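Undergrad: Chains as they are written, first to last, in my numbering: chain X, 1 to 256; chain S, 1001 to 1294. Ideal Cβ placement from N, Cα and C applies to all residues, glycine included. For clarity, every value in this text was computed on a predicted model and none was experimentally measured.
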């Protein structure tokens, strides 16, 4: 972990999909090692903001970005930034688990394989797999199933595997885009527990529609509306004493 | 309770009528195929033997075998595929995975679709002009294979693109988000999961390449040419050759008094070559599909 106070700092970040402005001069800071939740109604730009942090937005066609994004102190739009290295340090978890159509083992070592020029030694890989599966609490369940297809696991195991897949690359930041929306209550609880365990070692940003989830898992919370960052504070404060009227209305469920 | 009303009965009658109609249509499409195959084999039966395959035509093509045209067709099909497959697959990968939506790519995609609809005789004329005369290759196996390759390319590109597009987008996202380059994504995830579809597209072109007469007639196939029997390397790249499709045309329309069995035998062998290639492809697909699961 780096020792900066903030892992992610954006300044005046605006983003357009073609003519449509999805982010309006967002200045956002995420504290190092904490879980920050992005909440807001559908279409408010929270997923777009999340996808800015590993510049994966650029893969989706006609996107224009202005402003500044600093990750761990480094402007990620600098000339010398390699997207490959950036995405290695900034992992992402999606709404629907998206394991690759490979075995459990291959899924976890996939990142290591694509980032190392030579063949890796088998015992180091075995160790990395065990470590990653242990970190996400799947080792007991899957240690004898490492050679089975990842796509044959239950959804919550798949989602945890998708998190485990990031860990061997030693990311600094993990982005989660509604990671529990495809999961049932029990699986959601497990993934939330896992997030709390991972906090401290990684900076986690989670986009969620579920206010209760934001309350349960996040240390800080940011409310967005129509592409703007309305309010960002400690989660307790935001839910108990929101400063902005729109935040108050949203968390009370008057719109959403 | 639960008795059929008049309306229900009407619906049931309609349902069974539709079912019979659909079944009949299905039989109608299968029947001609079976008839063709049966008729061909029936007429060709007296002549079919290993010698028929391995001997050159003799007596002004009124007897003997079909070794020279058979080998010629195999050469043409293999070489044209050797050229068209890598070009087509890589072009399709570029169009589907790398290129962004722009007027250029729209023009290219449009060109591919339209090229697929160009009649083979036009390809033949193009091959004659471009490869035989302009490039100075001369009438040869190489020129004919290039012409066949140009003819099969657009369809290979189109079918490969389709196979690539069928790979779920989430697999690509998963790769990008651990920092895989586009090529690593394609190599490790997209290709292994689309290879069976790609092969199907390629294989369907075998039958076109083997069956087309005009393109090879203009660019490299000859009326008659005897070659060393039993030698699979009897043709050189710049030699002219015989081809089954053209041989069939010749003996059925240009040479008088050819025994029926010889003509039908040639047709059976042409069909056999195509089916053999298809069978090989199906085996390859089954083998590769074992790896694909999601």
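Label residue 247 of chain X either buried or exposed according to how many other C-beta atoms from any shown protein chain fall within 10 Å of its C-beta, with 16 as the threshold for buried.
TA: Residue 247 of chain X comes out buried.
Undergrad: Give me the Cα-Cα distance between residue 1110 of chain S and residue 1173 of chain S, rounded to the nearest whole angstrom.
TA: Those two C-alpha atoms are separated by around 28 Å.
Undergrad: Quick one: residues in its chain with C-beta nearer than 7 Å to the C-beta of residue 9 of chain X, no 5 flanking neighbours on either side, listed in chain order?
TA: Contacts found: 29 and 70.
Undergrad: Closer than 7 Å by beta-carbon distance: list the chain X residues that pair up with residue 1181 of chain S, in chain order.
TA: Under the 7 Å cutoff, chain X gives 84.
Undergrad: Quick one: Cα of residue 1115 of chain S to Cα of residue 1183 of chain S, how far?
TA: Cα-Cα distance, rounded: 28 Å.
Undergrad: Specify the secondary structure class of residue 135 of chain X as computed by DSSP and reduced to three states.
TA: Helix at residue 135 of chain X.
Undergrad: Quick one: Cα of residue 194 of chain X to Cα of residue 109 of chain X, how far?
TA: Their Cα atoms are separated by approximately 20 Å.
Undergrad: List, in order along the chain, the chain S residues whose C-beta lies closer than 9 Å to that of residue 201 of chain X?
TA: Under the 9 Å cutoff, chain S gives no residues; its nearest Cβ is about 18 Å from residue 201 of chain X.
Undergrad: Check residue 1222 of chain S in the structure and name its three-state DSSP category.
TA: Correct three-state label for residue 1222 of chain S: coil.
Undergrad: At a CB-CB cut-off below 7 Å, which residues of chain X make contact with residue 1174 of chain S?
TA: Result: 98 and 100.
Undergrad: Would you say residue 1307 of chain S lies against chain X (beta-carbon separation less than 9 Å)?
TA: In the structure displayed, chain S extends from 1001 to 1294; residue 1307 of chain S sits before or after that span and is not available.
Undergrad: Indicate whether residue 1245 of chain S and residue 1213 of chain S have their beta-carbon atoms separated by less than 9 Å.
TA: Yes, Cβ-Cβ distance for residue 1245 of chain S and residue 1213 of chain S is below 9 Å.
Undergrad: Quick check on residue 1175 of chain S: does DSSP put it in helix, strand or coil?
TA: Three-state DSSP puts residue 1175 of chain S in a helix.
Undergrad: For the beta strand (DSSP E) containing residue 89 of chain X, name the first residue and the last one.
TA: Here residue 89 of chain X belongs to no beta strand (DSSP E); instead the alpha helix (DSSP H) covers 83 to 89.
Undergrad: Determine, using beta carbons only, whether residue 151 of chain X and residue 101 of chain X come nearer to each other than 9 Å.
TA: For residue 151 of chain X and residue 101 of chain X, yes; Cβs fall inside 9 Å.
Undergrad: Between the alpha carbons of residue 89 of chain X and residue 170 of chain X, how many angstroms are there, rounded?
TA: Using only the alpha carbons, I get a separation of about 7 Å.
Undergrad: In whole angstroms, what separates the C-alpha of residue 1285 of chain S from that of residue 1253 of chain S?
TA: Their Cα atoms are separated by approximately 39 Å.
Undergrad: For residue 1277 of chain S, which residues of its own chain have a beta-carbon under 8 Å away from its beta-carbon, when the five flanking residues on both sides are left out?
TA: The answer, listed in chain order, is 1077, 1203, 1206, 1207 and 1210.
Undergrad: Spatial neighbours of residue 18 of chain X within its chain, please: CB distance less than 7 Å, with the 5 preceding and 5 following residues excluded, ordered by chain position.
TA: Only 62 meet the Cβ criterion.
Undergrad: What would DSSP say about residue 19 of chain X, mapped onto helix, strand or coil?
TA: Coil, per DSSP.
Undergrad: Given a limit of 9 Å on CB to CB distance, which residues of the region 113 to 139 of chain X reach chain S?
TA: Listed in sequence order: 113, 114 and 115.
Undergrad: Cβ of residue 206 of chain X within 9 Å of Cβ of residue 226 of chain X?
TA: Not in contact: residue 206 of chain X and residue 226 of chain X (Cβ atoms no closer than 9 Å).
Undergrad: Could you work out which residues of chain S lie near residue 56 of chain X, taking near to mean beta carbons separated by less than 7 Å?
TA: Result: 1176 and 1177.
Undergrad: In the region 1089 to 1117 of chain S, which residue ranges form an unbroken alpha helix (DSSP H) of at least 4 residues, counting only runs that do not cross its ends?
TA: 1103 to 1116, all fully within the region 1089 to 1117 of chain S.
Undergrad: Return the first residue and the last residue of the beta strand (DSSP E) that residue 45 of chain X is part of.
TA: From DSSP, residue 45 of chain X is part of no beta strand (DSSP E); its letter is neither H nor E.
Undergrad: Would you tell me roughly how many angstroms separate the C-alpha atoms of residue 1164 of chain S and residue 54 of chain X, rounded to the nearest one?
TA: Their Cα atoms are separated by approximately 25 Å.
Undergrad: Could you tell me whether the region 1084 to 1103 of chain S touches the region 1233 to 1245 of chain S, using the rule of 3 or more Cβ pairs below 8 Å?
TA: Taking 8 Å as the limit for Cβ pairs, the verdict is that the region 1233 to 1245 of chain S does not touch the region 1084 to 1103 of chain S.
Undergrad: I want to verify the contact list: residues of chain X whose CB lies under 8 Å from the CB of residue 1171 of chain S, in sequence order.
TA: Within chain X, the residues near residue 1171 of chain S are 98, 100 and 101.
Undergrad: Quick one: using the 10 Å Cβ neighbour count with 16 as the cut-off for buried, is residue 1038 of chain S buried or exposed?
TA: It is exposed - the Cβ of residue 1038 of chain S has fewer than 16 other Cβ atoms within 10 Å.
Undergrad: Could you check the C-alpha separation between residue 1321 of chain S and residue 1134 of chain S for me, to the nearest Å?
TA: Absent from the model: residue 1321 of chain S. The displayed extent of chain S is 1001 to 1294, so no value can be given.
Undergrad: What's the C-alpha gap between residue 1221 of chain S and residue 1044 of chain S?
TA: The straight-line gap from Cα to Cα measures roughly 24 Å.
Undergrad: To the nearest angstrom, how far is it from the Cα of residue 221 of chain X to the Cα of residue 27 of chain X?
TA: Looking at the two C-alpha atoms, the distance is approximately 14 Å.
Undergrad: Would you tell me roughly how many angstroms separate the C-alpha atoms of residue 1035 of chain S and residue 1029 of chain S, rounded to the nearest one?
TA: Their Cα atoms are separated by approximately 11 Å.
Undergrad: Chain X partners of residue 1189 of chain S, CB-CB under 7 Å?
TA: Neighbours of residue 1189 of chain S on chain X, chain order: 100.
Undergrad: Could you check if residue 1025 of chain S is buried or exposed, using at least 16 other CB atoms within 10 Å of its CB as the buried criterion?
TA: Answer is exposed; the Cβ neighbour count stays below 16.
Undergrad: Please name the residue or residues paired with residue 1247 of chain S in a DSSP beta bridge.
TA: Answer by DSSP bridge pairing: none, since residue 1247 of chain S is not bridged.
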